[in-house]
């Protein structure tokens, strides 16, 4: 009986291997011009046996999660560094990272990364189109600076002289209305409108709108 | 007590516990069917639309290159600036655009459809089931 | 050793093995149940990813399955209503294994993109094998029950 008691203690222990996370959810704000968002998730093995992390799976190809090693003895700490590629994403983003351990494959941990990617300048729409033969009436694009951003809209140019651009300032430097008029719609045309700003000061951004006659 | 009787009692207790959890747990799941997004469409619905659908693949370029919906165009967050003008070459105002990514649990298609709508594409939807659903329906 | 003492010794070993295995399974299920009961909402999402059940049932299962696992675990831990617990144990293991098998067979892409990767084999094959082993253990516990 004593032997089996000892055996049962020995075999029951693996069930109590456990990772304790500092936090499983982080909210981060990106600065305009940032290419990626980085979040670090720290954990400690508070169990009584070693833990092996055998799978770290992100919910999106844009997010990578790096782990320096897979095995953690009791008491050891480690961290997972998650990097989310911003690309052209804007607004609120939620990505998750699923961490599975060899000891508890049925109970993975889900880490969440909530990101806020600000959009300093909003253009609506970002393109205007005419069909061939459609009457060349002007179409408008509204360009507005988001509240809280010290952006000044400087200039709007068309790279195609046959596509005319007329800018009216609703709020100088903050909100513009751009009237786009093609010379005629008898043949296919295209143009890119360049919206120049002074922000950020070390790397002023230019935004693009597209014009097509097809 | 027979095994069956015991199992029945266990069931009752489990149901009771489940009921309590469902009622008061701070992280309980919502029991109403998750509301259907008006911008989500099924493959069946797209087949009933008049005119041709412009299919947009929201996945990475390498996944697109290996296989994609016939005549689809790739448009993702990583390469939006380069790909969007090419999308405009294909797109005609009034055309319905359906975005897809790998499967049901993937959110990329919804996000790209949202971005298209914000850019001025009025009829931008995303496909329920994604590439998996299309592949299943169009197996040779 | 006389034949009487021999059979008493082998019965003792049998009893010992039973005890060990019963406690082991109980601990496993209690741990699993408690972990899931911390966040039923996430568990519901995990069940939904298997695409086997319609939504309201999925939410109900997310709450009911851990509750059942908890009851079974407690019964096995204290050796009460063991027969009833073993019946549910077998049923649960068959259901979980079935779901895992179906996910593997359909090559479900539970996550997005990532080069169209299906659920990693380390994620579904290992639990499937473990469930089958547990099923065998359940069978052993059932057939070696002390006659009432």
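Protein chains in written order, with my numbering: chain L, 15 to 228; chain S, 5 to 144; chain C, 96 to 243.
The beta carbon of each residue, even a glycine, is placed where N, CA and C say it ideally should be.
This one's a predicted model, so the numbers in the text were calculated from it and none came from an experiment.
Short CB-CB distance (under 8 Å) between residue 224 of chain L and chain S: Position 210 of the first chain holds residue 224 of chain L. Yes, residue 224 of chain L lies at the interface with chain S (some Cβ there is under 8 Å from its Cβ).
Buried or exposed: which applies to residue 168 of chain C, given that a residue is buried once 16 or more other Cβ atoms fall within 10 Å of its Cβ? Stepping through the third chain from its first residue, residue 168 of chain C is reached at position 73. Flag for residue 168 of chain C reads buried.
Taking the alpha-carbon of residue 198 of chain L as reference, which of L:69, L:73 and L:145 has the nearest alpha-carbon? As a working mapping, residue 198 of chain L is identified with position 184 in the first chain. Per the C-alpha coordinates, the member of L:69, L:73 and L:145 positioned closest to residue 198 of chain L is L:145.
May I ask you to list the residues that DSSP assigns as paired with residue 232 of chain C? The count along the third chain starts at 1 and reaches residue 232 of chain C at position 137. DSSP lists no partner for residue 232 of chain C.
Can you round the beta-carbon distance between residue 69 of chain L and residue 114 of chain L to whole angstroms, since I take them to be within the 8 Å contact cut? Here the question's residue 69 of chain L lines up with position 55 in the first chain. Here the question's residue 114 of chain L lines up with position 100 in the first chain. Sure, about 4 Å apart at Cβ, within 8 Å.
Alpha carbon to alpha carbon, how far is residue 64 of chain L from residue 162 of chain C? Give it in angstroms, no decimals. Residue numbering aside, residue 162 of chain C sits at position 67 when the third chain is read from its first letter. Residue numbering aside, residue 64 of chain L sits at position 50 when the first chain is read from its first letter. Here the alpha carbon of residue 162 of chain C sits roughly 28 Å from the alpha carbon of residue 64 of chain L.
Shorter than 8 Å from the beta carbon of residue 85 of chain S to some beta carbon of chain L? In the second chain, residue 85 of chain S corresponds to position 81, counting from 1. Cβ-Cβ to chain L under 8 Å: yes for residue 85 of chain S.
Beta carbon of residue 236 of chain C, beta carbon of residue 113 of chain C: below 8 Å? To locate residue 236 of chain C, count along the third chain from 1; it is residue 141. To locate residue 113 of chain C, count along the third chain from 1; it is residue 18. Between residue 236 of chain C and residue 113 of chain C, the gap from beta carbon to beta carbon is short of 8 Å.
Show which residues of chain L have a CB atom less than 9 Å away from the CB atom of residue 130 of chain C. For this step, residue 130 of chain C is matched to residue 35 along the third chain. Chain L residues near residue 130 of chain C: 118, 120 and 121.
Going by the CB atoms, is the gap between residue 167 of chain L and residue 194 of chain L shorter than 8 Å? Position 180 of the first chain, counted from the first residue, corresponds to residue 194 of chain L. Position 153 of the first chain, counted from the first residue, corresponds to residue 167 of chain L. Contact: no.
With a cut-off of 8 Å, do at least 3 Cβ pairs link the stretch 9 to 19 of chain S to the stretch 150 to 159 of chain L? Taking a cut-off of 8 Å for Cβ pairs, the stretch 9 to 19 of chain S and the stretch 150 to 159 of chain L do not touch, as fewer than three such pairs fall below it.
Measuring only between beta-carbons, confirm whether residue 159 of chain C sits less than 8 Å from chain S. Locating residue 159 of chain C in the third chain gives position 64, where the first residue counts as 1. Yes - at least one Cβ of chain S is within 8 Å of the one on residue 159 of chain C.
Measure the C-alpha to C-alpha separation of residue 18 of chain S and residue 170 of chain C and round it to an integer number of angstroms. Stepping through the second chain from its first residue, residue 18 of chain S is reached at position 14. Stepping through the third chain from its first residue, residue 170 of chain C is reached at position 75. Each residue's CA atom was taken as its position, placing residue 18 of chain S and residue 170 of chain C some 12 Å apart.
Please check if any C-beta of chain S sits within less than 8 Å of the C-beta of residue 202 of chain L. Translated into positions along the first chain, residue 202 of chain L becomes position 188. The beta carbon of residue 202 of chain L does not come within 8 Å of any beta carbon belonging to chain S, so the residue lies off that interface.
Which ranges would you report for the alpha helix (DSSP H) in the stretch 114 to 195 of chain C if only whole runs of at least 4 residues count? Here the runs fully enclosed are 135 to 144 and 150 to 173.
Inter-residue Cα distance where the pair is residue 193 of chain C and residue 149 of chain C: Looking up residue 193 of chain C in the third chain gives position 98. Looking up residue 149 of chain C in the third chain gives position 54. Taking the straight line from one Cα to the other gives about 17 Å.
Can you pull out the residues from the stretch 20 to 31 of chain S whose beta carbon lies closer than 7 Å to at least one beta carbon of chain C? Hits within the stretch, in order: 21, 22, 25, 26, 29 and 31.
Comparing C-alpha positions only, which one of C:227, C:239, C:232 and C:159 sits nearest to residue 15 of chain S? The count along the second chain starts at 1 and reaches residue 15 of chain S at position 11. Considering only alpha carbons, the answer is C:159.
May I ask you to verify whether the stretch 119 to 126 of chain S touches the stretch 134 to 144 of chain L, counting CB pairs closer than 8 Å and requiring at least 3? Contact holds: three or more Cβ-Cβ distances are below 8 Å.
May I ask you to report which of helix, strand or coil DSSP gives residue 65 of chain S? In the second chain, counting from the first residue as 1, residue 65 of chain S sits at position 61. Helix.
How many Å lie between residue 158 of chain L and residue 95 of chain S at the Cα? Taking the first residue of the first chain as 1, we reach residue 158 of chain L at position 144. Taking the first residue of the second chain as 1, we reach residue 95 of chain S at position 91. If I take the Cα positions, the gap works out to 25 Å.
Whole angstroms are fine: how far does the CA of residue 238 of chain C sit from the CA of residue 20 of chain S? By one-based count along the second chain, residue 20 of chain S stands at place 16. By one-based count along the third chain, residue 238 of chain C stands at place 143. So the two alpha carbons sit approximately 30 Å from each other.
Taking any Cβ of chain L, which residues in the stretch 112 to 126 of chain S have a Cβ under 9 Å from it, in chain order? Taking 9 Å as the Cβ-Cβ cut-off, the stretch 112 to 126 of chain S approaches chain L at 112, 115, 118, 119, 122, 123, 124 and 125, given in chain order.
Let me check one thing: in DSSP terms, what residues is residue 59 of chain L bridge-paired to? On the first chain, residue 59 of chain L is found 45 positions in, with the first residue counted as 1. Within the DSSP secondary-structure output, residue 59 of chain L pairs in a beta bridge with L:33.
Considering only their Cβ atoms, is the gap separating residue 192 of chain L from residue 170 of chain L smaller than 8 Å? On the first chain, residue 170 of chain L is found 156 positions in, with the first residue counted as 1. On the first chain, residue 192 of chain L is found 178 positions in, with the first residue counted as 1. Yes; because the gap between Cβ atoms is below 8 Å, this pair is in contact.
Please give the ranges of any beta strand (DSSP E) in the stretch 160 to 211 of chain L, keeping only runs that are unbroken, at least 3 residues long and fully inside the region. Runs found: 167 to 172, 177 to 185, 189 to 196 and 203 to 211.
May I have the straight-line CA-CA distance separating residue 155 of chain L from residue 34 of chain S, to the nearest angstrom? Position 141 of the first chain holds residue 155 of chain L. Position 30 of the second chain holds residue 34 of chain S. Those two C-alpha atoms are separated by around 41 Å.
Is residue 96 of chain L closer than 8 Å to residue 268 of chain L when the C-beta atoms are compared? In the structure displayed, chain L extends from 15 to 228; residue 268 of chain L sits before or after that span and is not available.
Quick one: is residue 165 of chain L near chain C, going by C-beta distance under 8 Å? By 1-based counting over the first chain, the position of residue 165 of chain L is 151. Answer no: the Cβ-Cβ gap between residue 165 of chain L and chain C never drops below 8 Å.
With residue 113 of chain S as the anchor, note down where its alpha helix (DSSP H) starts and where it stops. In the second chain, counting from the first residue as 1, residue 113 of chain S sits at position 109. For residue 113 of chain S, the uninterrupted alpha helix (DSSP H) segment begins and ends at 112 to 123.
For residue 103 of chain C, name the three-state secondary structure that DSSP assigns. Residue numbering aside, residue 103 of chain C sits at position 8 when the third chain is read from its first letter. Here residue 103 of chain C sits in helix by DSSP.
Spatial neighbours of residue 141 of chain S in its chain, beta-carbon cut-off 6 Å, leaving aside the 5 residues before and after: Here residue 141 of chain S is taken as the residue at index 137 of the second chain, counted from 1. The beta carbon of residue 141 of chain S is closer than 6 Å to those of 47 in its chain, skipping five residues each way along the sequence.
Taking three-plus beta-carbon pairs below 8 Å as touching, is the stretch 116 to 126 of chain C in contact with the stretch 80 to 97 of chain S? The stretch 116 to 126 of chain C vs the stretch 80 to 97 of chain S: no contact.
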